[in-house]
Amino acid sequence: MVVKKLTVDIDYNDTFLLLGIVSTFVDYQLVHHINKTIGFNFAKHKDFAFHSNEKEPITYSWFYCKSDEMKIKSFLIANHHSKQKLLPDYRQIDYLLIIEKSGNMEEIDAMVAILRKVKGVTGVFKLNLSKIKEIELLLEKNEMHELSIINEIKVTNRLAKTEPTQG
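Per numbering that gives the first Met the number 0: the sequence shown = residues 0 to 166.
Next up, the structure:
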């Protein structure tokens, strides 16, 4: 009896858009200008931990934004750490902008065009997800990180509602 191996080929390009951003700004400055120019509401959350060849996970700055209007979720992740780049094959990229797209592509393309004009941004590049070695792991870890952040926010909101007010 011949054993068949089943594999699933997922085309992440249908679901995600990955942009590489080159910027002279540190993360909080870049986020401030993106929020101001595009009207997003990126917020800093717990750093994104990613295991690579290191024994200990390396952490990278992580920002989250959900736009109900455009029907997208966006994640801005620093590509640099003193020990290693998150995506070593893209050393020239300072930040990764992952856009989970379920909205109108014309709106997303217009947003990318505006992003290129944001103060402190020297380049924006669409990265081909199928050419990135660890894209499945990166997207999976990012989703798990997002879920943990959302859970923390829900718990915090629930606790805030149950605490008695003093006065």
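Quick reminder that beta carbons are idealized off the backbone N, C-alpha and C, glycines included.
Is the Cβ-Cβ distance between F74 and Y59 less than 8 angstroms?
Taking the first residue of the sequence shown as position 1, residue 74 is located at position 75. Taking the first residue of the sequence shown as position 1, residue 59 is located at position 60. Their beta carbons are not under 8 angstroms apart, which means F74 does not touch Y59 by this criterion.
Same chain, Cβ closer than 6 angstroms to V21, five either side skipped, listed in chain order:
In the sequence shown, residue 21 corresponds to position 22, counting from 1. Taken in chain order, the residues that qualify are D93, T121 and G122.
Could you tell me the boundaries of the beta strand (DSSP E) in which K100 lies?
In the sequence shown, residue 100 corresponds to position 101, counting from 1. Y94 to K100 is the span of the beta strand (DSSP E), which, as asked, contains K100.
Y59, enclosing beta strand (DSSP E) - first and last residue:
Translated into positions along the sequence shown, residue 59 becomes position 60. Looking at the DSSP string, the run of the beta strand (DSSP E) that includes Y59 is I57 to S66.
Contained alpha helix (DSSP H) runs [length at least 4] in the region 122 to 152, N- to C-terminal order
Unbroken alpha helix (DSSP H) stretches of 4 residues or longer found wholly inside the region 122 to 152: none.
Run through DSSP, which three-state label would L86 get?
In the sequence shown, counting from the first residue as 1, residue 86 sits at position 87. In the structure shown, L86 sits in coil (DSSP, three-state: anything other than H, G, I, E or B).
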